[in-house]
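Asker: For the sequence shown, the residue numbers in the numbering used here are 2 to 429.
Note that beta-carbon positions come from the ideal geometry of N, C-alpha and C, so glycine has one too.
First, the structure itself, so that you have it in front of you.
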Amino acid sequence: MNYSTCLQVAAITDVGMRRTTNQDSHALVVADTAELWQARGHFLMVADGMGAHAAGELASKLAADGIPHLYHKHRDLSPPEALEKAIRETNSEVFRRGTANPDFHNMGTTCSVLVLLPQGAVAAHIGDSRIYRWRGNQLHQLTFDHSLQWELRASGQLPPGSDIAASVPKNVITRSLGPNANVQIDLEGPWPIELGDVYLLCSDGLTGRVEDHELGPIMGALPADEAARVLVDLANLRGGPDNCTILIAKVVKPEMTTSASQSPPLTVGAARSKQGVHPGVWIAAGVLALAAIVILLMGYYIAAAVAGAVALLTAGFGLLQHFGVSSGVTLEGGRHLGKGPYTTTTCSPGHEFLSKLGEVIEELREAARDGNWNIDWRTFDEFCNRAQAADERKNYIEGVREFCRGISFMMQELRSQGTKKSDSTIQY
2 MNYSTCLQVA
12 AITDVGMRRT
22 TNQDSHALVV
32 ADTAELWQAR
42 GHFLMVADGM
52 GAHAAGELAS
62 KLAADGIPHL
72 YHKHRDLSPP
82 EALEKAIRET
92 NSEVFRRGTA
102 NPDFHNMGTT
112 CSVLVLLPQG
122 AVAAHIGDSR
132 IYRWRGNQLH
142 QLTFDHSLQW
152 ELRASGQLPP
162 GSDIAASVPK
172 NVITRSLGPN
182 ANVQIDLEGP
192 WPIELGDVYL
202 LCSDGLTGRV
212 EDHELGPIMG
222 ALPADEAARV
232 LVDLANLRGG
242 PDNCTILIAK
252 VVKPEMTTSA
262 SQSPPLTVGA
272 ARSKQGVHPG
282 VWIAAGVLAL
292 AAIVILLMGY
302 YIAAAVAGAV
312 ALLTAGFGLL
322 QHFGVSSGVT
332 LEGGRHLGKG
342 PYTTTTCSPG
352 HEFLSKLGEV
362 IEELREAARD
372 GNWNIDWRTF
382 DEFCNRAQAA
392 DERKNYIEGV
402 REFCRGISFM
412 MQELRSQGTK
422 KSDSTIQY
């Protein structure tokens with residue numbers, strides 16, 4: 002079974018409409034063998050760098066290169082533990098590079114990793130790049146934003162809807178990888194994987210411009226690559242002030258679902274590093290074993306058996322202490338790490354959502370005419386007409402699909418003409 006065919010994946014990164022450099026990085030490692038699927042699953046990651054000069058670019062690249070490599074290297078650890086160790090080791094490297102060069106001082110990056118395993122979906126997270134899951138007309142945010150606004154709200158100091166809430170900036174993050182020698186990592190999951198699940202990892206260049214209630218219907222209506230493209234297009238149409246990176250993974254075959262898996266549940270905390278054993282333990286085991294042999298030769302069989310058993314128990318204790326075996330915590334029966342999902346938004350596609358997309362279409366049409374763009378209007382109108390016909394039939398998923406394809410078609414026409422970035426912004 003080729004498990005890479007069970008997942009429809011797409012990755013896209015865009016500099017945005019106001020930036021000249023892209024400080025985002027990403028990684029995607031799809032398990033193409035049964036062995037890799039069982040051991041490490043599919044790996045997806047987004048990193049949004051921060052820092053002066055090229056520091057943010059370097060920090061996010063170090064994270065996107067280092068974490069997947071180290072995660073796959075630590076095969077002796079369970080996937081959640083391997084993720085945590087890989088992130089800590091990468092944090093140490095980013096911190097070392099930052100302290101060694103004044104140009105990179107205090108550089109850092111967000112880090113959001115999703116691993117899809119036979120046992121379910123596991124996430125590791127630092128910062129405000131988000132991981133979502135779309136399932137059954139509901140969008141679940143699986144990660145907690147490490148931002149000032151979210152932290153204040155969680156502590157009860159920021160009541161929803163208050164005047165204070167509106168004044169707290171959304172983009173001030175409280176945790177990142179790299180600036181400090183130690184880092185706190187959120188581990189979440191495993192959550193069961195179901196057929197039709199769509200997972201989204203993204204930097205805040207997307208979530209700062211596209212709302213949760215828009216993300217779900219678009220991801221549900223389109224193939225992964227088309228959904229990723231139109232989400233970037235929407236972010237750019239609404240100003241695109243930041244870099245935007247998107248990874249989408251859609252479960253398209255039942256073989257990848259958790260219910261189809263025969264794999265044992267994940268266990269964390271079962272492995273400890275080897276440690277020294279007091280020499281007295283080995284000496285005692287040896288003396289007891291020798292005594293058992295001598296007693297046996299003397300014909301005292303019961304006493305010899307007792308001495309031999311104690312010798313084996315003593316040796317077993319020494320081996321247990323040396324190899325650090327412990328039972329750990331088994332993640333099964335609904336037991337999982339973390340407290341996610343942190344938000345749930347019900348957002349089934351409907352006439353109202355189609356109307357909003359139709360408004361975007363009309364603003365694009367007006368901007369194209371005002372800017373004298375050379376547009377293939379016949380093709381564009383076909384998308385619009387099919388969307389409107391689907392709306393009349395109440396086939397809202399098809400309507401979303403056609404309107405989104407019309408938006409991406411118009412944006413591609415714009416890009417092909419080399420239109421200046423500032424010319425493509427519409428109001429919303």
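1) Drop a sphere of 10 angstroms on the beta-carbon of Gln418, count the other beta-carbons inside from all chains shown, and report buried for 16 or more, exposed for fewer.
2) Given Thr208, which residues of its chain have a CB within under 7 Å of its CB, disregarding the five upstream and five downstream residues?
3) Return the first residue and the last residue of the beta strand (DSSP E) that Asp15 is part of.
4) Could you check how far apart the C-beta atoms of Val47 and Leu202 are, in whole angstroms? I think they sit under 8 Å.
5) Inspect the beta-carbon positions of Gly121 and Pro218 and report whether they are closer than 8 Å.
6) Please classify Asp392 as buried or exposed, where buried requires at least 16 other C-beta atoms within 10 Å of its C-beta.
7) Could you check which residue in Thr246, Arg406 and Met411 has the C-alpha nearest to that of Ala369?
8) Going along the chain, which residues of its own chain have a beta-carbon closer than 8 Å to the beta-carbon of Ser409, five neighbours each way excluded?
9) Give the range of the beta strand (DSSP E) segment to which His337 is assigned.
10) Determine which residues share a DSSP beta bridge with Gln142 and list them.
11) Under a Cβ-count criterion, where at least 16 other Cβ atoms within 10 Å of its own Cβ denotes burial, should Ser177 be classed as buried or exposed?
12) So if DSSP puts Met51 in a beta bridge, which residue, or which two residues, is it bridged to?
13) Does the Cβ-Cβ distance between Gly99 and Pro180 come in under 8 Å?
14) State the start and end residues of the unbroken alpha helix (DSSP H) segment that holds Pro218.
15) What are the start and end residues of the alpha helix (DSSP H) that includes Pro69?
16) If you drop the 5 nearest sequence neighbours on each side, which residues of the same chain put their C-beta closer than 6 Å to that of His141?
17) Whose C-alpha, out of Lys171, Glu360 and Asn373, is nearest the C-alpha of Cys385?
18) Who are the near neighbours of Lys422 in its chain, counting only those whose CB is closer than 6 Å to its CB and skipping five residues on each side?
19) Is Ser177 helix, strand or coil by DSSP?
20) Tell me, which residues are paired with Tyr200 by DSSP?
21) If you compare alpha carbons, which of Ala236, Asn375, Pro69 and Glu212 is closest to His43?
22) What does the Cβ neighbour count give for Glu414, buried or exposed, with the cut at 16 atoms within 10 Å?
23) Rounded to a whole number of angstroms, what is the C-alpha to C-alpha distance between Ile362 and Glu353?
24) Can you name, in chain order, every residue of its own chain whose Cβ lies under 7 Å from the Cβ of Thr21, other than the five neighbours on each side?
25) Work out the CA separation of Leu358 and Arg406 for me, nearest whole Å.
26) I'd like the list of long-range same chain contacts for Trp493, defined as Cβ closer than 6 Å, with 5 residues on each side in sequence excluded.
27) Just list the residues that DSSP pairs Gly121 with in beta bridges.
28) Determine the extent of the beta strand (DSSP E) in which His352 is found, giving its start and end residues.
29) Using only alpha-carbon positions, find the residue among Gln150, Gly206 and Gln185 that is nearest to Gly50.
30) Please classify Gly190: does DSSP put it in a helix, a strand, or coil?
31) Assess contact between the stretch 165 to 173 and the stretch 249 to 264, defined as three or more Cβ pairs (one per stretch) separated by less than 8 Å. Is contact present?
32) Suppose the cutoff is 6 Å on Cβ atoms and the five residues either side in sequence are ignored; what does the same chain contact list for Ala56 look like?
33) Mapping DSSP to helix, strand and coil, what is Val269?
34) Less than 8 Å separating the beta-carbons of Leu71 and Ala87?
35) Whole angstroms are fine: how far does the CA of Val252 sit from the CA of Glu195?
36) Would you mind working out which of Thr144, Pro161 and Leu143 sits nearest Gln150, comparing C-alpha positions?
Answerer: The short version:
1) Per the 10 Å Cβ criterion, exposed.
2) So the list reads Arg131, once near-sequence residues are dropped.
3) Where Asp15 is concerned, the enclosing beta strand (DSSP E) stretches over Leu8 to Asp15.
4) Distance from Val47 to Leu202 at the Cβ level is roughly 4 Å; contact confirmed, criterion being Cβ atoms closer than 8 Å.
5) By the CB criterion at 8 Å, Gly121 and Pro218 fall outside the cutoff.
6) Counting Cβ neighbours within 10 Å, Asp392 comes out buried, since at least 16 surround it.
7) It is Met411 whose Cα lies nearest to the Cα of Ala369.
8) Contacts found: Glu227, Arg230, Val231 and Asp234.
9) Neither: His337 is in no beta strand (DSSP E) and is coded neither H nor E.
10) Tyr133 and Thr344.
11) Buried.
12) In the DSSP output, where bridge partners are listed per residue, Met51 has Gly109.
13) Yes, the Cβ-Cβ distance between Gly99 and Pro180 is below 8 Å.
14) Taken as a continuous stretch (DSSP letters only), the alpha helix (DSSP H) holding Pro218 covers Asp213 to Ala222.
15) That run of the alpha helix (DSSP H) goes Ala56 to Lys74.
16) Only Arg134, Pro342 and Thr345 meet the Cβ criterion.
17) Nearest C-alpha to Cys385: Glu360.
18) In this predicted model, Lys422 has a pLDDT of only 49, less than 50, meaning its place in the structure is not dependable; the value taken from the coordinates is given anyway. For Lys422, the CB contacts under 6 Å within the same chain, skipping 5 residues up- and downstream, are Met18 in chain order.
19) The DSSP-derived three-state label of Ser177 is coil.
20) Tyr200 has Arg134 and Ala250 as its beta-bridge partners, per DSSP.
21) Closest by alpha carbon: Pro69.
22) The residue is buried, with at least 16 neighbouring Cβ atoms inside 10 Å.
23) So the two alpha carbons sit approximately 14 Å from each other.
24) Same-chain partners within the cutoff: there are none.
25) Each residue's alpha carbon lies about 11 Å from the other.
26) The shown model of the chain, from 2 to 429, leaves out residue 493, and the question about it has no answer.
27) Paired residue(s): Leu118.
28) His352 -> not in any beta strand (DSSP E); alpha helix (DSSP H) instead, spanning His352 to Asp371.
29) Nearest C-alpha to Gly50: Gly206.
30) It is a strand residue.
31) Here the stretch 165 to 173 does not lie against the stretch 249 to 264, with fewer than 3 beta-carbon pairs under 8 Å apart.
32) Contacts found: Phe105 and Met108.
33) Three-state result, Val269: strand.
34) Closer than 8 Å, so yes.
35) So the two alpha carbons sit approximately 7 Å from each other.
36) Selected option, being the one with the closest Cα: Pro161.
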